[in-house]
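Each protein sequence line maps, in turn, to chains A, B and C.
Counted the way full-length UniProt numbering counts, the first sequence spans residues 1 to 271.
Counted the way full-length UniProt numbering counts, the second sequence spans residues 1 to 271.
Counted the way full-length UniProt numbering counts, the third sequence spans residues 1 to 271.
For every residue, glycine included, the Cβ atom is placed at its ideal position computed from N, Cα and C.
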Amino acid sequence: MKGEKRVESDLALIDKVRKRQPLIHHITNGVTINDCANITLSCGASPVMADAPEEAADMTRLASALVLNIGTLHQDQVETMIQAGLAANKKGIPVVLDPVGVGATPMRTEAARRLMNRVQITHLKGNAAEIATLAGVQAEVRGVDSGQVGSDLETLAKKAAQIWGVTVTVTGARDWITDGQEQIEVVNGHELMSTVSGTGCMSASVLAAFAATGEDPVASAVSAMATYGVAAEQAARRSRGPGSFRVELFDAIASLTGEQVKEAACVTWRG
Amino acid sequence: MKGEKRVESDLALIDKVRKRQPLIHHITNGVTINDCANITLSCGASPVMADAPEEAADMTRLASALVLNIGTLHQDQVETMIQAGLAANKKGIPVVLDPVGVGATPMRTEAARRLMNRVQITHLKGNAAEIATLAGVQAEVRGVDSGQVGSDLETLAKKAAQIWGVTVTVTGARDWITDGQEQIEVVNGHELMSTVSGTGCMSASVLAAFAATGEDPVASAVSAMATYGVAAEQAARRSRGPGSFRVELFDAIASLTGEQVKEAACVTWRG
Amino acid sequence: MKGEKRVESDLALIDKVRKRQPLIHHITNGVTINDCANITLSCGASPVMADAPEEAADMTRLASALVLNIGTLHQDQVETMIQAGLAANKKGIPVVLDPVGVGATPMRTEAARRLMNRVQITHLKGNAAEIATLAGVQAEVRGVDSGQVGSDLETLAKKAAQIWGVTVTVTGARDWITDGQEQIEVVNGHELMSTVSGTGCMSASVLAAFAATGEDPVASAVSAMATYGVAAEQAARRSRGPGSFRVELFDAIASLTGEQVKEAACVTWRG
């Protein structure tokens, strides 16, 4: 009952994003930086991307949420990310960490762990392999390629959330969200998402825009993933392939109402 | 009358851009760099983006105009921008400065002022807040969010143009262009422009492509803003949201003729 | 006859790319990096972009092909490219060099030559001016602007291929491929390609994805250029300008089958 009530009240959170137009500061990768800016705008929030060490923390102090993405990380960016993260912590705004490709190289894994240790992350978002790697149990991951979250990972995500005090969002064919207490599954989305670079990075921007409203982390993550997934479903219906899907995704999320998300969302609250 | 005659003669300037295909060198931000390259091509000019200190000035010497954009500035880029700017000054080609986000952080404000002091800028293009900040009167800005240029800003832009010897283009729902003597208002454009990242940056590329024809700065700016605005209006008619608007914007500007711009332009010359 | 048999057997190579989903590591320019990632995905391969000196070679060791593109080169990237290139050579995976703008500035020319000297390049891909410049005979280039490959360049490309032991792909209205022995012309493609930034860079990604299958270099290059060109022809039929062409290009290549490429390819094997 509690779960169902939350779903009722929170799935229209995009309406609040549009009303508040929060500024979302990104320190992110160079491949998908433009997509992240545009999806932030399409949600009704405002993006700013500033990663110079001389101004990153200053920019964070103007923002309502911070996204850290290590997709094309350079070593000197890690310290900049930490400074921006600490500024966010001090201001009390949510920090979303997208540990892109963690586990692929030692540098990336070390950088992600250092960020986790130095900054109080609010939202950790990644695919099954990334979340498992960060938690140090790469060998136990099941079904990464198929986007399935195995039962091992459910347990793992829950424990990771408890240890670090973060809300974990594991993306895939089903998205899995947990703060260590509650566990929620969102099954909206479309397989075309995996054919476009940046759909993962963009989900972190959406998450940050929703978190910036001040709603509690789990509610923000559920609403963000459902909204993004519903938009992807609508976009897929108008698309002929990855190029048109990407265009339609911006159009779809920009025209979505909270009411439409509530109707189309497929969310299971596991309490 | 003088004003009206100029409008007649200059609004078809895109035809000349296409004929000359000028090379436009950009030192610009990482968020919208691809959009800037593509809008330059769609205008009929050729883009080149090179920001290594070892080659930036060399590249400027091959170009017919230079765009400096501080949207994702790093500290060491400032000196590179100055070197490229000085090379442009020496060659006598126009320099467009887009002081993105000036005023948001001390680093950005200082960098923009340093560029203004060291390089003879031809065109200063920004929104009302950016232009006002650069002129040191942030507190007096009116209606930035609504895109309106208040009467204070008109006075301010005029004074800024006189002091620095630049042509100022203040973008918004109405674009306002002045060289300190003439004042021109262009009201073409569409509100969808504010839903896509990079529409501001792209207007600087269009401006540079037009300025590269050798027309006088005011005439170039008026023609560029009118052309870009007419293209945006056409694109909006074919769009369902920000994703499709962006695609249509490139298509629209690529197929526009000077004659069509002259017919659809909404320009008021205030003498 | 030999030529015709090869064409029969190799033009459907995209089917093998989709089956193997090779990881393609790019160290590339910031203007078109997103397009390169997306065209790689649309071919059925997986892109990764990592250019930090601390991890670039590590990432190459996970990949099945490496793309080096000097479009927005910084001086410190050259050594990173060399380290990644040497890792690729050691692993025995193909290396594609796209010497964007070589000849425009001394820095760029020197960097490209240094890469050629230090790394065993598999595929050298560029337009006529770039290939000629690298081979040190800029003055002899004919018809660069029109995209025509003059007879001088045919001879030149052949010699360059022999001297360096690379497969040379000269792109233009006609693509010209040679390994110093065989010479093949591919005339698929569309003039809209020259109106979109990144169509050249993307062809290097397609080439790398095809080369990663392990087919011989000439066969890979012919199949890649024919596939990309056929996709461009399909995209052009659905486009109204550069914006829509770019969208349709991703859709087209993502839905192409090897059978369709074989039917539409226009390849002349000159033996």
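Using a Cβ-Cβ distance cut-off of 8 Å, determine whether Lys2 of chain A contacts chain B.
Summary for Lys2 of chain A: the model assigns pLDDT 43, below 50, so the residue's position carries little reliability; its value from the coordinates is reported in the next sentence. Taking Cβ atoms only, chain B never reaches closer than 8 Å to Lys2 of chain A, which makes this a no.
Contacts of Arg108 of chain A in chain C (Cβ-Cβ under 7 Å):
Glu55
Helix, strand or coil at Glu185 of chain B [DSSP, three-state]:
strand
For Val170 of chain C, which residues in the same chain have their Cβ closer than 6 Å to its Cβ, ignoring the five residues on either side in sequence?
Ala128, Ile131, Val149, Ala157, Trp176
Could you list which residues in chain C have their beta carbon closer than 8 Å to that of Pro242 of chain A, in chain order?
Asn38, Leu41, Ser42, Phe250, Asp251, Ala254
Compare the Cα-Cα distances from Ile82 of chain A to each of A:Ala45, A:Pro242, A:Thr105, A:Ala112 and report the closest residue.
A:Ala112
Alpha-carbon to alpha-carbon, Gly214 of chain B and Ser239 of chain B:
34 Å
Cβ atoms of Ala212 of chain A and Ile93 of chain A: under 8 Å apart, would you say?
yes
On a Cα-Cα basis, can you pick out the residue from A:Val100, A:Cys43, A:Ser223, A:Val78 that is closest to Met49 of chain C?
A:Val100
Report yes or no: is there a C-beta of chain A within less than 8 Å of the C-beta of Gln75 of chain B?
Answer yes: the Cβ-Cβ gap between Gln75 of chain B and chain A drops below 8 Å somewhere.
Rank B:Tyr228, B:Ile163, B:Met193, B:Ala252 by C-alpha distance to the C-alpha of residue 279 of chain B and give the top, closest one.
No statement about residue 279 of chain B is possible, as the shown extent of chain B runs from 1 to 271 and does not include it.
Taking the alpha carbon of Ile121 of chain B as the reference point, which residue from B:Glu154, B:Leu153, B:Thr133, B:Gly85 has its own alpha carbon closest?
Restricting attention to B:Glu154, B:Leu153, B:Thr133, B:Gly85, the CA atom closest to the CA of Ile121 of chain B is found in B:Gly85.
Considering only their Cβ atoms, is the gap separating Val31 of chain B from Ser197 of chain B smaller than 8 Å?
Going by C-beta atoms, Ser197 of chain B is nearer than 8 Å to Val31 of chain B.
Supposed close pair Leu207 of chain B, His123 of chain B - CB separation, criterion 8 Å
6 Å
How is Pro217 of chain B classed by DSSP in three states: helix, strand or coil?
Secondary structure at Pro217 of chain B: helix, using DSSP grouped into helix, strand and coil.
Measuring straight from C-alpha to C-alpha, what distance separates Glu233 of chain B and Gln181 of chain B?
29 Å
Length of the line joining the Cα atoms of Thr195 of chain A and Gln183 of chain A:
The alpha-carbon atoms of Thr195 of chain A and Gln183 of chain A are separated by roughly 28 Å.
Grab me the residues of Val119 of chain A's own chain with a C-beta within less than 7 Å of its C-beta, minus the 5 sequence neighbours each way, in chain order.
Ile82, Gly85, Leu86, Asn89, Val95
Cβ distance (whole Å) where Pro242 of chain B is taken to contact Phe250 of chain A below 8 Å
5 Å
May I ask you to report which of helix, strand or coil DSSP gives Gly44 of chain B?
coil
Going along chain B in order, which residues have a C-beta closer than 8 Å to the C-beta of Thr28 of chain C?
The contacting residues do not exist; Thr28 of chain C stays about 12 Å from chain B at best.
Three-way DSSP call (helix, strand, coil) for Ile14 of chain B in this model
helix
Would you kindly work out how many angstroms separate the C-alpha atoms of Ala135 of chain C and Thr109 of chain B, rounded to a whole number?
Approximately 46 Å between the Cα atoms of the pair.
On the CB-based measure, 16 or more other CB atoms within 10 Å of its CB, does Glu263 of chain C come out buried or exposed?
exposed
Could you tell me if Ile163 of chain A is buried or exposed, where buried requires 16 or more neighbouring beta carbons within 10 angstroms of its beta carbon?
exposed
Does chain B have any CB closer than 8 Å to the CB of Ala45 of chain A?
no
Buried or exposed: Asp10 of chain B, going by 16 or more other Cβ atoms within 10 Å of its Cβ?
Residue environment: Asp10 of chain B is assigned as buried (16 or more neighbouring CB atoms within 10 Å of its CB, all protein chains considered).
Would you mind reading off the limits of the alpha helix (DSSP H) that contains Asp51 of chain C?
Segment: none, Asp51 of chain C is in no alpha helix (DSSP H) and carries neither H nor E.
For a quick check, are the C-beta atoms of Ala63 of chain B and Ile24 of chain B less than 8 Å apart?
yes
Against Val196 of chain C, what residues of chain B qualify as contacts under a CB-to-CB distance less than 8 Å, listed in chain order?
Asn38, Leu41
To the nearest whole angstrom, what separates the beta carbons of Ala235 of chain C and Asn188 of chain C, a pair I think is in contact under 8 Å?
About 12 Å separates the Cβ atoms of Ala235 of chain C and Asn188 of chain C, ruling out a contact at the 8 Å cut-off.
Contact with chain A by Ala209 of chain C, beta-carbon distance below 8 Å:
Ala209 of chain C is outside the set of residues whose beta carbon lies under 8 Å from a beta carbon in chain A.
Among A:Ala254, A:Ser223, A:Gln77, whose alpha-carbon lies nearest the alpha-carbon of Ala265 of chain A?
The shortest C-alpha separation from Ala265 of chain A is found at A:Ser223.
Check whether chain A comes within 8 Å of Val102 of chain B, counting only Cβ atoms and requiring the distance to be less than that.
no
Could you say which of C:Ser220, C:Glu191, C:Thr72, C:Thr167 lies nearest to Arg174 of chain C if we only look at CA atoms?
C:Glu191
Beta-carbon proximity list for Val17 of chain A, same chain, < 8 Å, skipping 5 on both sides
Cys43, Gly44, Ala45, Ala209, Phe210, Ala212, Thr213
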